[in-house]
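*Asks:* One structure, as structure tokens, below. Some questions next.
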């Protein structure tokens, strides 16, 4: 079963896939960004190692489903993003997951060290929100309405920082810190 938000053509534009439900909090941040920007997606949990047949079917059918980008999160050996990129002909964004043994560096290195010809864009460890934003920016290259929404999102971020600074200038840092507790 997948979680799916579809567009006006009843097709998801982005695939969000993770190897384990423990990745869900990070992957949810990508989905939240896509929803905020009005981008359709499908979300699934698929293990490239434990169910390779299901994984291959997912990656091979992604283009047919209408995906323009896949966001793949993985920890440790982190094969999911690279294997998606080996099969899916369009952009794949890898999210390295924080791991208890090596803090996510193992995941990061596994994703960024792809062989020539199999590129995977990579965001920071646990960088779900940035993966969603990068997918949106890729899609916005051919979608003027989405580009407009992205620009509005950037203005909103700027206004949030300005509001925080105004509060700091008014209250002082001690009071500001106290309000953060």
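Residue numbers (our numbering): 42 to 222.
Backbone N, C-alpha and C fix where the C-beta goes; we use that ideal spot for every residue, glycine too.
1) From residue 68 to residue 81, what distance separates their C-alpha atoms?
2) Span of the beta strand (DSSP E) holding residue 155?
3) Any contact between the region 125 to 134 and the region 103 to 115? By contact I mean 3 or more CB pairs, one from each, below 8 Å.
4) So the alpha helix (DSSP H) residue 173 belongs to, where does it begin and stop?
5) Based on Cα-Cα distance, which residue from 181, 193, 166 lies nearest to residue 136?
6) In angstroms, rounded to a whole number, what distance separates the CA positions of residue 138 and residue 145?
7) What residues match up with residue 57 in a beta bridge as DSSP calls it?
*Replies:* Let's see:
1) 15 Å
2) Bounds of any beta strand (DSSP E) do not take in residue 155, whose DSSP letter is neither H nor E.
3) yes
4) 169 to 181
5) The shortest C-alpha separation from residue 136 is found at 166.
6) 5 Å
7) Beta-bridge pairing links residue 57 to 84, 112.
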